Amino acid sequence: MRERLELQGEKVCGGIGAGKLFFIDRKYSKIPHIDLKIEEIPNEIERFQSAVTTSERELENILSQKNIGSETASILEAHKMMLTDPTLSEMVGNMIKESRINAEWAVLGVFDKLISVLDQNTTDYYVKAKIADWEVIRDKLVSELTGGTHSVLNRLPDEDFIVCAKNLTVDELHILSKNPNVKGIVLESPGGVSHLTMVLRSLEIPAVMGVPDLIHLLDYGDMLIVNGFKGRVVLRPAADEINNALRKADEFKSYFARFLEDISTPSISRDNRRLRVGGNIDQTGEVDFVKKYGGEFIGLFRTELMFSKDGEIPSEDAHYDVYYQVLHQALPLRAAIRIFDFGEDKSGAIVTKGFMGMRGIRLCKGRPDVFIPQIRALVRAAKLGNLDILLPFVSTTHEVDDFRNLLYKTAEEMGLSENLKSIRIGAMIEVPASVFIIEKIADEVDFFSIGTNDLIQYLMAVERKDQFSSDYFSYYHPAVLRVINQIVTVAKAKNKPVNICGEMASDPYLPLLFLAMGIDALSMNPTSIPIIKKIIKCGYLREGEEILSLMMAAKDREEVIELLKRCMVDKYPNIFKKEWNY
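In this text, residue positions in the sequence shown follow the working numbering: the first is 196, and each later residue adds one.
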C-alpha cells in the first residue's frame with residue numbers, strides 16, 4: 196500500500212465523507228485510431244449523429260423528471276443546446292471527412308481546437324472553469340461513442356464510496372445523486388464558476404474540485420476521506436482516521452440540522468434587536484442557495500468574474516442577461532450588484548499587476564469601454580425595483596458623485612430615468628483613507644458595506660496570501676475592531692445602514708458584537724447563514740455590549756480571541772462545537 200497523502204483543492208460543497216475509491220476512467224489513449232475508407236465516412240458521420248441524438252434523449256429523460264431542480268434543469272437545457280449546435284456537428288463531420296478518422300477522434304480533435312482558443316496557455320481561473328464546461332460536453336459525446344459510462348454507473352458499489360474523476364457530466368451527477376452510498380465527490384478539473392460547481396452544491400454531497408494530479412495519485416482499492424469544509428482530501432488514511440471522519444460526518448448532520456429548523460424567520464435577538472443576514476454570490480444559480488438557507492438579501496454579486504483574460508469585454512446585453520437573472524430570482528429580496536473590482540486576486544485582462552491602487556471604481560473610471568456597457572445594463576435591470584449598486588474601493592467623495600451623475604445621465608439618454616426610482620447606491624469601505632472622511636462619503640451614498648478582507652489588508656499592511664506574514668492578517672486585531680466600530684458610529688449619526696461583507700461576517704464568535712456596534716446586516720457564504728442566524732436569535736443585545744466593552748479595551752489579537760471564547764463558547768456550548776473549529 197502506498198503512503199498516506201493529503202491533497203488540497205477547492206471547497207465546493209461542505210460536509211465530511213469517507214469511503215472506497217470509485218474511479219470513472221476516461222483514458223482516451225485506449226480509444227482506437229481508425230483510418231476510414233472513403234465509403235465508410237457516411238456511416239461514421241451517422242454514428243456521430245446517433246451519439247448526439249442518444250445524448251440529447253438522455254438529457255431530455257432527466258429533464259422530464261419531477262424531482263429535478265430548476266437550476267439543474269437550466270444547465271441541462273444549456274448543455275442540450277451545446278450538444279445539438281449545428282456548427283459543432285458540421286465541424287465534427289468535416290473532420291471525419293477531411294481527416295478520414297473515426298468519430299471519437301474527430302470529437303476529441305474538434306474540442307481540442309475549441310478549448311485551445313479559450314485557453315491560450317492562460318492561468319486565468321475563470322477561463323479554466325469555462326473550459327471545464329466544454330470538457331463535459333466532449334466527455335458526454337465520447338462516452339456515448341465508446342459505449343457510455345452509464346453502464347458503469349449502473350453497477351455502483353454496495354458499500355460507501357467516493358467518486359473520483361477528471362470531470363463529470365451533469366447527467367452523470369444526477370445518476371450518482373440517487374445512490375445513498377455516494378459519500379463524496381473529488382474532481383481534478385477546476386470549479387470556479389462552472390455549471391458543475393453549481394450542481395454539486397445543489398446535491399449537498401461533500402465535494403472538492405481542482406485537485407492537482409488527482410488521477411495519477413490514485414490506486415485501485417484506495418480509501419479516501421473528503422472534507423468539503425476545508426477542500427481537503429486524504430488518500431489512504433489510517434483506520435482510526437476513517438472512523439473519526441465517519442463519526443464527525445454523523446455528528447455534523449445532526450448538528451447542522453438544528454440550524455435549519457427555523458431559517459425562514461428573521462434574525463432577531465431575544466430582546467427584539469434585528470441583525471439581517473444575507474449571502475454573497477458569484478453566479479446566478481447561487482441565489483437559490485441564499486434563499487434556501489434563510490438569507491434575507493443578496494449582499495454582494497461579484498461582476499468581475501464575467502471578464503476573462505481572452506480580452507473580450509462583456510457586451511451590454513451580456514451584462515443585462517446576468518443582472519436580470521440575479522434580480523428576478525432574488526425577488527422579493529434586494530440584491531447588491533458590485534461594479535467591476537479588478538485586482539491582483541481577480542480575473543480580468545485589464546488587471547494592472549503589481550499596482551495595488553489601480554482597481555475598483557478608480558479603474559472603471561479610466562476604462563469607459565469596460566464600464567459604460569455595465570452602467571447601461573444596470574439601468575435596464577433596475578426596472579425590477581430591487582437593485583442596490585455597490586462601488587468598490589471608494590476613497591473620495593467625488594468618485595461617488597461622478598458615478599451617480601454618470602448613472603443618471605445614462606438613464607436619461609436611454610429614456611429610462613424611471614427605472615432608477617428605487618435603486619440604492621452604496622460605498623464599499625476598504626481603503627483606510629475613506630474611514631477618516633466617512634461622514635463626508637455618508638452624505639453621498641445610501642448605505643455602506645465594509646469589505647473586511649481588503650480593509651484588513653490595507654490597514655495592517657499585509658498581503659492576505661502571504662504565508663510569512665499571515666499572522667498579521669487577522670480581524671481579531673484590536674485596531675480592526677476599533678476601525679469598524681468607528682465607521683458604524685459615524686454612519687449611525689448620519690442615519691446610514693452598514694453591512695459587514697467578507698469572511699468576518701460569517702465568524703460565529705462575532706454576531707453579538709456586531710449587534711452591539713449597531714451593524715445592520717451581515718453578508719456571507721450562503722451555507723454559513725443558518726448558524727449565524729441561530730446565534731443572533733439565541734443572544735441578547737446586553738451580551739454583545741459586554742463583549743464590545745471588553746474588545747475595545749483589549750491590547751492584542753490573542754486577548755481578543757481568548758475573551759471571545761470565554762464569552763461565547765461558555766454561554767452557547769451547543770453551538771460552538773470544537774469539532775467544527777469554532
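For glycine and all other residues, C-beta sits at the position ideal for the given N, C-alpha and C. Please read these numbers as outputs of a predicted model, since none were measured by experiment.
Inspect the CB distances between the stretch 253 to 261 and the stretch 296 to 308 and report whether three or more fall short of 8 Å. Taking 8 Å as the limit for Cβ pairs, the verdict is that the stretch 296 to 308 does not touch the stretch 253 to 261.
Cβ of residue 251 less than 9 Å from any chain E Cβ? Of the chains in the structure shown, none is chain E; there is only one protein chain.
Close Cβ partners of residue 441 (< 6 Å) along its chain, the five nearest in sequence each way excluded: Hits under 6 Å: 213.
Rank 756, 733 and 438 by C-alpha distance to the C-alpha of residue 419 and give the top, closest one. It is 438.
Just to confirm the assignment, what range does the alpha helix (DSSP H) spanning residue 366 have? From DSSP, the alpha helix (DSSP H) with residue 366 extends over 365 to 372.
Check each candidate in 350, 626 and 722 and name the one with the smallest Cα separation from residue 679. Considering only alpha carbons, the answer is 626.
Going by DSSP in three states, residue 217 sits in which element: helix, strand or coil? Strand at residue 217.
Buried versus exposed call for residue 312 [16 or more other C-beta atoms within 10 Å across all chains shown]: Classification of residue 312: exposed, given that the 10 Å Cβ count is below 16.
Taking the alpha carbon of residue 523 as the point to measure from, which residue in 357, 535, 480 and 718 has its own alpha carbon closest? Of the candidates 357, 535, 480 and 718, the residue whose Cα lies closest to the Cα of residue 523 is 480.
In its own chain, which residues sit with a C-beta less than 6 Å from the C-beta of residue 433, not counting the 5 before and 5 after it? Excluding sequence neighbours, residue 433 sits near nothing in its chain.
So, using beta-carbon positions, are residue 740 and residue 762 closer together than 9 Å? By the CB criterion at 9 Å, residue 740 and residue 762 fall outside the cutoff.
Only counting runs of 4 or more residues, tell me where the alpha helix (DSSP H) segments fall wholly within the stretch 454 to 523, in order along the chain. 482 to 487, all fully within the stretch 454 to 523.
Any idea what DSSP makes of residue 609, helix, strand or coil? When secondary structure is reduced to three states using DSSP, residue 609 falls in the coil class, being assigned neither helix nor strand.
Do you know how far the Cα of residue 304 is from the Cα of residue 289? In this model, residue 289 and residue 304 are separated by some 11 Å (Cα to Cα).
Residues near residue 675 by beta carbon distance below 6 Å, same chain, minus five either side: Excluding sequence neighbours, residue 675 sits near 651.
Spatial distance of residue 786 from residue 499 (CA atoms): Residue 786 is absent from the model: the chain starts at 196 and stops at 777.
Suppose only complete runs of 4+ residues qualify. What are the alpha helix (DSSP H) ranges in the stretch 745 to 770, listed by chain order? Entirely contained in the stretch 745 to 770, the alpha helix (DSSP H) runs reaching 4 residues are, in chain order, 752 to 759.
Contacts around residue 550, its chain only, beta-carbon distance under 8 Å, and the 5 residues preceding and following it disregarded: Confidence at residue 550 is low in this model, with a pLDDT of 49, below 50, so the placement of that residue should be treated as unreliable; the coordinate-derived value is given next. The answer is none, since no qualifying residue turns up.
Any beta strand (DSSP E) of 3 or more consecutive residues that is wholly inside the stretch 584 to 654: As far as the stretch 584 to 654 is concerned, its whole beta strand (DSSP E) runs of at least 3 residues are 619 to 624 and 642 to 646.
Within 9 Å, strictly: CB atoms of residue 588 and residue 557: Cβ distance < 9 Å, so residue 588 and residue 557 count as in contact.
Neighbourhood of residue 332 by C-beta, 7 Å cutoff - its chain only, sequence neighbours within 5 removed: Hits under 7 Å: 274, 277 and 278.
Are the CB atoms of residue 533 and residue 585 nearer to each other than 9 Å? Between residue 533 and residue 585, the C-beta spacing is below 9 Å.
Bridge partners - residue 422, DSSP secondary structure assignment: Under DSSP, residue 422 takes part in a beta bridge, and its partners are 211 and 427.
Neighbourhood of residue 647 by C-beta distance below 8 Å, restricted to the same chain and skipping five residues each side: Result list for residue 647: 670, 675, 679, 695, 696, 697, 698, 699 and 700, in chain order.
Can you find at least 3 beta carbon pairs, one from the stretch 510 to 520 and one from the stretch 725 to 733, that sit closer than 8 Å? No: the two stretches stay apart, fewer than three of their Cβ pairs being nearer than 8 Å.
Pick helix, strand or coil for residue 356, following the three-state DSSP scheme. Strand at residue 356.
What did DSSP end up calling residue 555 once you bin it into helix, strand or coil? In the three-state scheme derived from DSSP, where H, G and I count as helix and E and B as strand, residue 555 is classed as helix.
Cβ-Cβ separation, residue 379 to residue 400 (assumed contact under 8 Å), whole Å: Cβ-Cβ separation between residue 400 and residue 379: approximately 7 Å, consistent with a contact (criterion under 8 Å).
Beta-carbon separation (whole angstroms), residue 492 vs residue 528, contact threshold 8 Å: The C-beta distance from residue 492 to residue 528 rounds to 5 Å, short enough to meet the 8 Å contact threshold.
Contact under 9 Å by Cβ, residue 643 with residue 622: Annotated as proximal: residue 643 and residue 622, with beta-carbon spacing under 9 Å.
How many angstroms separate the CA atom of residue 710 from the CA atom of residue 458? Taking C-alpha positions only, residue 710 is separated from residue 458 by approximately 19 Å.
Please confirm whether residue 370 and residue 348 have their CB atoms less than 9 Å apart. Yes, these two residues count as a Cβ contact at 9 Å.
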